[in-house]
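Undergrad: Numbering (this note's numbering), first residue to last: 2 to 282. We put the CB at the ideal spot given by N, CA and C, even for glycine.
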Amino acid sequence: MFIAIGILLIIIGVVLIWFHIPYSPTKKSFSEDIEALKKSNHLEEQGQIFKAEDFSHLPHVVQEYLKNCGYIGTHQMSYLKMEYYDVDFAQGKKGPKLKIDYTQYDFVSEPCRMALIDSSMFGVPFEGYDYYENGVGGMKGVIAKGITLFDQKGSDMDKACLATYLAECMFAPSILLQDYIAFEEISDYEVKATISYKGQTVSGIFTFNEQYEYISFKTKDRAVANNDGTMEYIPWTAQCGEYKISDNGIKYPTKFKAIWNYPDEDFVYFDGTISEVSYEE
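#1: Look at the alpha carbon of Val143 and the alpha carbon of Ile73, and state the distance between them as a whole number of angstroms.
#2: Rounded to the nearest angstrom, what separates Asn69 and His61 at their Cα positions?
#3: Would you kindly work out how many angstroms separate the C-alpha atoms of Ser204 and Phe127, rounded to a whole number?
#4: Jot down the residue ranges of each uninterrupted beta strand (DSSP E) in the region 126 to 194, minimum 3 residues, whole runs only, in chain order.
#5: Closer than 8 Å is the cut-off here; do at least three beta carbon pairs connect the region 162 to 169 with the region 213 to 224?
#6: Would DSSP call Val15 helix, strand or coil?
#7: Between the region 256 to 272 and the region 82 to 98, do at least 3 Cβ pairs fall closer than 8 Å?
#8: So who's on the other strand from Thr202, going by DSSP bridges?
#9: Can you give me the Cβ contacts of Gln153 inside the same chain, cut-off strictly under 7 Å, excluding the 5 residues immediately before and after it?
#10: From the DSSP output, read off the bridge partner residues of Asn307.
#11: Less than 7 Å separating the beta-carbons of Lys256 and Tyr244?
#12: Which residue spans inside the region 88 to 130 form an unbroken beta strand (DSSP E) run of at least 3?
#13: Just to confirm, are Ile35 and Tyr103 a CB contact at a threshold of 7 Å?
#14: Taking the alpha-carbon positions, what's the His76 to Ser279 distance?
#15: Between which two residues does the beta strand (DSSP E) harbouring Ile35 extend?
#16: Taking the alpha-carbon of Tyr190 as reference, which of Asp159, Val63, Tyr234, Glu169 has the nearest alpha-carbon?
#17: With a Cβ-Cβ cutoff of 7 Å, do Ile216 and Gly242 count as a contact?
#18: Let me check understanding here. Comparing Cα to Cα, which of Lys98, Ala53, Thr208, Lys52 lies closest to Glu169?
#19: How many Å lie between Tyr80 and Ala173 at the Cα?
#20: Grab me the residues of Phe151's own chain with a C-beta within less than 6 Å of its C-beta, minus the 5 sequence neighbours each way, in chain order.
#21: Could you say which of Pro26, Thr27, Asp131, Asn42 lies nearest to Glu281 if we only look at CA atoms?
#22: Go through its chain and collect everything with a Cβ distance to Tyr263's Cβ below 7 Å, but skip five positions before and after it.
#23: Taking buried to mean at least 16 other C-beta atoms within 10 Å of its own C-beta, is Ser175 buried or exposed?
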């Protein structure tokens, strides 16, 4: 009996060590994918400076946003990196609520987005990997660094990931100059954006305030994954605010929310503070 207890204690010790070391297969896969994408996603315009005339074909409010936020005169970028810490995150209306760290990359030459969730559930590591590359999107959840909880794929997920990429395009103005995206002026402070890639097309409405700050993006082209694995198209809103001028002179929002607009209520499932924004120029 003492031998069995000893073996059990050893197993528990090994598991606890595994949980607490920095390494994980998911993080390793994410890092390797990002490094490969950095090497393969370079623009001919890389290193060039944004000029006001580069955006003269876009709606007036978008041009004013870019001027107001300080992008004119900065270098064009081949990718965007955004980091969040201690985000309030909920996995569905009835799902667990977590505090997560969230790191995302948006690449420019082709629509491509990768994001890593780092968290824990009852002391057990939980990691999520959202991806969209070559027209294929998905969301994978892993617990205890090796047990897959879910791995959502399919055409609805492809479109959902492309819609998320579209919502973030204002933070990487090089995207606004690509052939796969188009804009239509709706009012003085609203524009419709449409992105088409690999046979998929999604659109949404960007809204700006009187200071020409991007404050929301709304789309009906993003599906939510239900608990039974089915996908349901629910209006989706991204909100950002509390803009501040960063060390590089660009004005960014510091707050970001992602919201499902259900018929009976708005469900905020992502509520975070943007900790850092960086680019490859």
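TA: Inspection of the coordinates gives the following:
#1: Taking the straight line from one Cα to the other gives about 41 Å.
#2: Spanning the two alpha carbons is a distance of roughly 12 Å.
#3: For Ser204 and Phe127, the distance between alpha carbons rounds to 32 Å.
#4: Within the region 126 to 194, the complete beta strand (DSSP E) runs of at least 3 residues are 137 to 144, 148 to 153, 182 to 188.
#5: Yes: at least three Cβ pairs fall under 8 Å.
#6: The predicted position of Val15 is uncertain, since its pLDDT is 39 and thus under 50; no value can be drawn from it.
#7: Touching, yes.
#8: For Thr202, which the question treats as bridged, DSSP gives the partners Ser197.
#9: The answer, listed in chain order, is Gly139, Met140, Ala226.
#10: Residue 307 lies beyond the residue range present for the chain, which begins at 2 and ends at 282; the question has no answer from this structure.
#11: Contact: no.
#12: Correct list: 98 to 108, 113 to 122.
#13: No; because the gap between Cβ atoms is not below 7 Å, this pair is not in contact.
#14: About 12 Å.
#15: It is not in any beta strand (DSSP E) - Ile35 instead sits in the alpha helix (DSSP H) that spans 26 to 41.
#16: Distances from the alpha-carbon of Tyr190 to those of Asp159, Val63, Tyr234, Glu169 put Val63 closest.
#17: Yes. Within cutoff.
#18: Among Lys98, Ala53, Thr208, Lys52, the Cα nearest to that of Glu169 belongs to Thr208.
#19: Looking at the two C-alpha atoms, the distance is approximately 7 Å.
#20: Result list for Phe151: Gly142, in chain order.
#21: Closest option to Glu281, Cα to Cα, is Asn42.
#22: Hits under 7 Å: Ile235.
#23: Ser175 should be labelled buried.
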